[in-house]
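In the numbering used here, the protein residues as written are 16 to 292.
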Ligand SMILES: C[S@@+](CC[C@H](N)C(=O)[O-])C[C@H]1O[C@@H](n2cnc3c(N)ncnc32)[C@H](O)[C@@H]1O
C-alpha cells in the first residue's frame with residue numbers, strides 16, 4: 016500500500032473509532048494501532064463494504080452491525096491452564112497465602128470464554144478452597160461471557176488441556192472435570208458454582224472492591240500505554256494490601272506508574288504482590 020493510501024486508512028480508522036465511541040460508548044481509541052488496524056481490515060474483508068468510510072454510516076445506525084464489529088475487534092483466544100508454569104506457580108506460591116483468609120474474592124478481567132477462570136476454580140478446589148472464594152470473571156464482549164457461563168468446551172481440545180493440567184501440577188484426573196457428549200465437553204457444575212460471569216469494560220467501568228487476587232492476562236497487550244496505565248490503576252484500586260496481580264507472560268509492571276507499590280513474587284511469572292502501605 017502506498018503512503019497516501021496508508022494515511023487515508025489511518026484517518027478512516029480514527030474517524031470510525033471516534034464515531035463508535037460517541038454513538039455506542041465503546042472506546043477503542045487507545046487500542047494499539049497495528050493490532051486494531053489488522054482487526055478492522057479483517058472485519059472489513061468479511062463485510063459487504065469496500066472501505067471503512069463506506070461501513071461507517073451504516074455502523075453508526077445499526078447496533079447489530081456494531082456487535083459484529085465488536086466481535087471482530089476483540090481477540091478471544093484462550094485455553095485451559097494457559098502457560099502451565101504460571102498456573103503451577105499460582106498453585107504453589109499464591110494459594111498458600113490465599114488460604115490464610117477465611118474467604119477470598121477474585122476478579123478475572125478479560126476472561127474471554129472462561130477457560131482460565133475454570134482452570135483457576137480447579138486449582139482452588141483441589142487446594143481445599145471450595146466454598147471459600149467467589150470469582151468475578153468479566154469481559155467487554157457479552158457473547159463470550161454467555162459462552163463462558165455455559166461451561167461447554169470442544170472435546171477435541173481435551174487432550175491438550177489434559178497435558179496443560181498435568182504440567183501445571185494438577186492433583187487429580189482431568190477427565191473428572193467434564194462429561195463428554197458428542198463433540199462437546201460439559202464442565203462439572205462444581206467448577207461453576209463460585210464463578211460469576213459479567214460484562215465489564217476496562218476502558219470505562221469502575222473497579223471491584225477489596226479483591227485478594229486480580230488476573231488480567233493477555234488483554235493489555237492490545238492496548239496503548241495510557242490505557243494500560245488506566246487498567247493497572249483500576250486493578251490497584253481493586254486490590255487489598257497483600258493481594259496478588261497476575262498479568263500475561265508478555266506483560267509486566269516494568270516502567271509502569273504503580274510498579275513501586277508491588278513486589279514480583281517469582282521472576283518472570285508476572286505475579287505481583289501489592290505492598291501493605
Ligand atoms: C486474548 S483474550 C485473553 C483471555 C484470557 N485472559 C487468556 O489469557 O487466555 C483477550 C480478552 O480481552 C477482552 N477485552 C478486550 N478489550 C477489553 C476491554 N476494554 N474490557 C474488558 N475486556 C476486554 C476481549 O474481549 C478478549 O476476550
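Each residue gets a CB set at the ideal place from its N, CA and C atoms; glycine is no exception. Note that this is a predicted model, so its numbers are computed, not measured.
Checklist entry - Can you find a heavy atom of ligand 1 that lies under 6 Å from the Cβ of residue 166? => result Walking along the chain shown from the start, residue 166 turns up at place 151. The answer is no for residue 166.
Checklist entry - If you draw a straight line from the C-alpha of residue 308 to the C-alpha of residue 182, how long is it? => result Because the chain in this structure spans residues 16 to 292, residue 308 falls outside the shown range and cannot be described.
Checklist entry - Between the C-alpha atoms of residue 255 and residue 170, what's the straight-line distance to the nearest angstrom? => result The sequence position of residue 255 within the chain shown is 240, counting from 1. The sequence position of residue 170 within the chain shown is 155, counting from 1. Roughly 38 Å between the two C-alpha positions.
Next on the checklist: Could you tell me which whole beta strand (DSSP E) segments of length 3 or greater appear in the region 51-125?
Outcome noted: 119-124
Item to check | Any non-hydrogen atom of ligand 1 closer than 6 Å to residue 82 Cβ | outcome: Numbered from its first residue, the chain shown carries residue 82 at position 67. Every heavy atom of ligand 1 is 6 Å or more from the Cβ of residue 82, so no.
Checklist entry - What's the gap between the Cα of residue 140 and the Cα of residue 271? => result The residue given as residue 140 occupies position 125 in the chain shown. The residue given as residue 271 occupies position 256 in the chain shown. Approximately 33 Å between the Cα atoms of the pair.
Checklist entry - Which runs of the alpha helix (DSSP H) spanning at least 4 residues fall entirely within the region 144-179, listed in chain order? => result 157-165
Item to check | 7 Å Cβ cutoff met for residue 258 and residue 227 | outcome: To locate residue 258, count along the chain shown from 1; it is residue 243. To locate residue 227, count along the chain shown from 1; it is residue 212. Yes, these two residues count as a Cβ contact at 7 Å.
Item to check | Euclidean distance between Cα positions of residue 221 and residue 246 | outcome: On the chain shown, residue 221 is found 206 positions in, with the first residue counted as 1. On the chain shown, residue 246 is found 231 positions in, with the first residue counted as 1. Roughly 10 Å between the two C-alpha positions.
Checklist entry - Going along the chain, which residues of its own chain have a beta-carbon closer than 7 Å to the beta-carbon of residue 233, five neighbours each way excluded? => result What you label residue 233 is simply residue 218 of the chain shown in a count that begins at 1. Excluding positions up to five away in sequence, the list reads 263.
Next on the checklist: Is the separation between the beta-carbon of residue 239 and that of residue 47 shorter than 7 Å?
Outcome noted: Looking up residue 239 in the chain shown gives position 224. Looking up residue 47 in the chain shown gives position 32. Yes, these two residues count as a Cβ contact at 7 Å.
Next on the checklist: Out of 153, 134, 108, 157, which one is the CA nearest neighbour of residue 83?
Outcome noted: Mapped onto the chain shown, residue 83 falls at position 68. Nearest of 153, 134, 108, 157 to residue 83, Cα basis: 157.
Checklist entry - Which residue spans inside the region 221-289 form an unbroken alpha helix (DSSP H) run of at least 4? => result Whole alpha helix (DSSP H) segments, 4+ residues: 240-253.
Next on the checklist: Mapping the DSSP letters down to three states, classify residue 337 as helix, strand or coil.
Outcome noted: Since the displayed the chain opens at 16 and closes at 292, residue 337 lies outside it and no answer follows.
Checklist entry - Does DSSP put residue 199 in a helix, in a strand, or in coil? => result Reading the chain shown from its first residue, position 184 is the one you call residue 199. The answer is strand: DSSP assigns residue 199 an E or B state.
Item to check | Three-state class that DSSP yields for residue 132 in the structure shown | outcome: On the chain shown, position 117 is the one that residue 132 refers to. Note: residue 132 maps to helix in three-state DSSP.
Checklist entry - The alpha helix (DSSP H) spanning residue 20 covers which residue range? => result The residue given as residue 20 occupies position 5 in the chain shown. From DSSP, the alpha helix (DSSP H) with residue 20 extends over 18-39.
Checklist entry - Does any heavy atom of ligand 1 sit closer than 6 Å to the C-beta of residue 276? => result As a position in the chain shown, residue 276 is number 261, starting the count at 1. No; taking the cut-off as 6 Å, the Cβ of residue 276 has no heavy atom of ligand 1 nearer than that.
Next on the checklist: Can you check which of these residues, 24, 175, 218, is closest to residue 154 by C-alpha distance?
Outcome noted: For the purposes of this step, residue 154 is identified with residue 139 of the chain shown, where counting begins at 1. The shortest C-alpha separation from residue 154 is found at 218.
Checklist entry - Between residue 133 and residue 95, which are expected to be in contact by the criterion C-beta below 8 Å, what is the C-beta distance as a whole number of angstroms? => result As a first step, residue 133 is located in the chain shown; it is residue number 118 there, counting from the start. As a first step, residue 95 is located in the chain shown; it is residue number 80 there, counting from the start. That belief holds up - the Cβ atoms of residue 133 and residue 95 are roughly 7 Å apart, short of 8 Å.
Next on the checklist: If you follow the alpha helix (DSSP H) that residue 213 is in, where does it begin and where does it stop?
Outcome noted: Taking the first residue of the chain shown as position 1, residue 213 is located at position 198. Looking at the DSSP string, residue 213 is not in any alpha helix (DSSP H); the run it does join, the beta strand (DSSP E), is 210-214.
Checklist entry - Hey, would you say the C-beta of residue 67 is under 6 Å away from at least one heavy atom of ligand 1? => result Stepping through the chain shown from its first residue, residue 67 is reached at position 52. It does not: the Cβ of residue 67 is nowhere closer than 6 Å to a heavy atom of ligand 1.
Checklist entry - Could you give the distance in angstroms between the alpha-carbon of residue 34 and the alpha-carbon of residue 75? => result In the chain shown, counting from the first residue as 1, residue 34 sits at position 19. In the chain shown, counting from the first residue as 1, residue 75 sits at position 60. When rounded, the distance between both Cα atoms is 7 Å.
Checklist entry - Do you know offhand how far residue 149's Cα is from residue 136's? => result Here residue 149 corresponds to residue number 134 of the chain shown, with the count starting at 1. Here residue 136 corresponds to residue number 121 of the chain shown, with the count starting at 1. If I take the Cα positions, the gap works out to 10 Å.
Checklist entry - For residue 261, which of 168, 110, 224 has the nearest alpha-carbon? => result Residue numbering aside, residue 261 sits at position 246 when the chain shown is read from its first letter. Among 168, 110, 224, the Cα nearest to that of residue 261 belongs to 110.
Checklist entry - Around the C-beta of residue 57, are 16 or more other C-beta atoms found within 10 angstroms, so that it is buried, or is it exposed? => result Locating residue 57 in the chain shown gives position 42, where the first residue counts as 1. Burial call: exposed.
Checklist entry - Comparing the CB of residue 322 with every heavy atom of ligand 1, is any distance shorter than 6 Å? => result Any property of residue 322 remains undetermined from this structure, which presents the chain solely from 16 to 292.
Checklist entry - So which of 106, 63, 55 has the shortest CA-CA distance to residue 89? => result Mapped onto the chain shown, residue 89 falls at position 74. The shortest C-alpha separation from residue 89 is found at 55.
Checklist entry - Is the distance from the Cβ of residue 214 to the Cβ of residue 286 below 7 Å? => result The residue you call residue 214 lines up with position 199 of the chain shown. The residue you call residue 286 lines up with position 271 of the chain shown. No. Outside cutoff.
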